[in-house]
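Everything on this sheet refers to the single structure shown next.
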Amino acid sequence: LWKGIHGAHRVGKYWEHIPGFENRATCHHCNEMESLEHILFDCRKPGQAEVWKLVEELWAKKSNSPLDKSMGGILGCCLAAFEHEKKAKPSGVNRLYRIVISESVYFIWKLR
(Lines of atoms letter the chains of each structure in order from A; the text may use other names.)
(Lines give C-alpha, C1' and ligand atoms only; values in the text may rest on other atoms or scores of the structure.)
Protein backbone atom coordinates (compact mmCIF):
# COMPACT_ATOMS: atom_id res chain seq x y z
CA LEU A 6 0.00 0.00 0.00
CA TRP A 7 2.83 2.39 0.80
CA LYS A 8 4.30 1.96 -2.68
CA GLY A 9 0.92 2.65 -4.26
CA ILE A 10 0.45 5.87 -2.31
CA HIS A 11 3.96 7.09 -3.13
CA GLY A 12 4.09 5.95 -6.78
CA ALA A 13 7.01 3.61 -6.09
CA HIS A 14 5.86 0.62 -8.14
CA ARG A 15 8.00 -0.18 -11.14
CA VAL A 16 5.35 0.18 -13.83
CA GLY A 17 4.80 2.23 -16.95
CA LYS A 18 7.00 5.26 -17.42
CA TYR A 19 9.58 3.94 -14.95
CA TRP A 20 10.82 1.53 -17.64
CA GLU A 21 10.85 3.97 -20.59
CA HIS A 22 14.27 5.38 -19.74
CA ILE A 23 16.07 2.11 -18.99
CA PRO A 24 17.84 0.74 -22.08
CA GLY A 25 16.69 -2.76 -22.96
CA PHE A 26 13.61 -2.64 -20.73
CA GLU A 27 11.41 -0.19 -22.65
CA ASN A 28 8.99 -2.99 -23.58
CA ARG A 29 7.99 -3.31 -19.90
CA ALA A 30 6.33 0.12 -20.02
CA THR A 31 3.29 -1.24 -21.88
CA CYS A 32 0.92 -4.06 -21.03
CA HIS A 33 1.66 -6.95 -23.37
CA HIS A 34 -1.96 -8.07 -23.29
CA CYS A 35 -3.68 -4.70 -23.89
CA ASN A 36 -0.91 -2.61 -25.50
CA GLU A 37 -1.68 0.22 -23.06
CA MET A 38 0.67 2.07 -20.71
CA GLU A 39 0.97 -0.02 -17.58
CA SER A 40 -0.07 1.61 -14.33
CA LEU A 41 -1.22 0.37 -10.98
CA GLU A 42 -4.80 1.29 -11.87
CA HIS A 43 -4.55 -0.54 -15.21
CA ILE A 44 -3.24 -3.70 -13.54
CA LEU A 45 -5.88 -3.70 -10.80
CA PHE A 46 -8.99 -2.67 -12.76
CA ASP A 47 -8.64 -2.19 -16.50
CA CYS A 48 -6.43 -4.97 -17.87
CA ARG A 49 -8.23 -7.59 -19.92
CA LYS A 50 -5.75 -10.31 -19.00
CA PRO A 51 -7.58 -13.16 -17.24
CA GLY A 52 -7.41 -13.08 -13.47
CA GLN A 53 -8.17 -9.68 -12.02
CA ALA A 54 -11.82 -9.59 -13.13
CA GLU A 55 -12.42 -13.00 -11.55
CA VAL A 56 -10.78 -11.93 -8.28
CA TRP A 57 -12.92 -8.78 -8.06
CA LYS A 58 -16.07 -10.78 -8.83
CA LEU A 59 -15.33 -13.16 -5.93
CA VAL A 60 -14.54 -10.24 -3.61
CA GLU A 61 -17.85 -8.57 -4.50
CA GLU A 62 -19.77 -11.81 -3.87
CA LEU A 63 -18.11 -12.29 -0.48
CA TRP A 64 -18.64 -8.66 0.51
CA ALA A 65 -22.34 -8.79 -0.45
CA LYS A 66 -22.81 -11.74 1.93
CA LYS A 67 -21.08 -10.03 4.85
CA SER A 68 -22.05 -6.36 4.60
CA ASN A 69 -24.83 -4.09 3.39
CA SER A 70 -22.31 -1.37 2.49
CA PRO A 71 -21.27 -1.06 -1.16
CA LEU A 72 -17.76 -2.19 -2.04
CA ASP A 73 -15.52 0.76 -2.93
CA LYS A 74 -13.56 -0.63 -5.86
CA SER A 75 -11.42 2.41 -6.60
CA MET A 76 -7.80 3.43 -6.07
CA GLY A 77 -8.86 5.57 -3.11
CA GLY A 78 -10.77 2.67 -1.59
CA ILE A 79 -7.82 0.36 -2.02
CA LEU A 80 -5.16 2.75 -0.75
CA GLY A 81 -7.34 3.65 2.23
CA CYS A 82 -8.60 0.14 2.98
CA CYS A 83 -6.82 0.05 6.36
CA LEU A 84 -8.78 3.12 7.47
CA ALA A 85 -12.23 1.77 6.58
CA ALA A 86 -14.80 1.99 9.37
CA PHE A 87 -18.25 0.64 8.61
CA GLU A 88 -21.20 1.36 10.87
CA HIS A 89 -23.79 -1.18 11.90
CA GLU A 90 -27.52 -0.55 12.25
CA LYS A 91 -27.03 0.08 15.98
CA LYS A 92 -24.31 2.69 15.30
CA ALA A 93 -21.60 0.49 16.77
CA LYS A 94 -18.49 -0.13 14.71
CA PRO A 95 -18.48 -3.81 13.76
CA SER A 96 -14.80 -4.69 14.11
CA GLY A 97 -15.27 -8.03 12.30
CA VAL A 98 -16.54 -6.37 9.13
CA ASN A 99 -13.80 -3.74 9.26
CA ARG A 100 -11.15 -6.42 9.70
CA LEU A 101 -12.64 -8.51 6.88
CA TYR A 102 -12.56 -5.51 4.54
CA ARG A 103 -8.91 -4.73 5.34
CA ILE A 104 -7.83 -8.32 4.83
CA VAL A 105 -9.87 -9.08 1.71
CA ILE A 106 -9.02 -5.86 -0.13
CA SER A 107 -5.30 -5.83 0.67
CA GLU A 108 -4.83 -9.54 -0.07
CA SER A 109 -6.85 -9.34 -3.29
CA VAL A 110 -4.74 -6.43 -4.53
CA TYR A 111 -1.55 -8.32 -3.69
CA PHE A 112 -2.85 -11.44 -5.45
CA ILE A 113 -3.78 -9.47 -8.60
CA TRP A 114 -0.34 -7.84 -8.56
CA LYS A 115 1.32 -11.27 -8.40
CA LEU A 116 -0.93 -12.63 -11.19
CA ARG A 117 0.41 -10.08 -13.64
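The opening position of the sequence shown corresponds to residue 6 in my numbering, with each subsequent residue numbered one higher.
Glycine included, C-beta positions come from ideal geometry on N, C-alpha and C.
For clarity, every value in this text was computed on a predicted model and none was experimentally measured.
So, at 8 Å on beta carbons, what are the nonlocal neighbours of residue i in its own chain, with the 5 sequence-adjacent residues on each side left out?
i	result
Phe26	Trp20
Trp7	Ala13
Ignore the nearest five residues each way along the sequence and tell me which others in residue i's own chain have a CB closer than 7 Å to its CB.
i	result
Val110	Leu45, Ile79
Ile106	Ile79, Cys82
Glu39	Val16, Gly17, Ala30, Thr31, Cys32
Met76	Glu42
Rank the options by C-alpha distance to the C-alpha of residue i and give the top, closest one.
i	options	result
Leu116	Trp57, Leu63, Pro24, Leu72	Trp57
Handout entry: Whole alpha helix (DSSP H) elements within the segment 41 to 102, 4-residue minimum
Key = 53 to 67, 76 to 80
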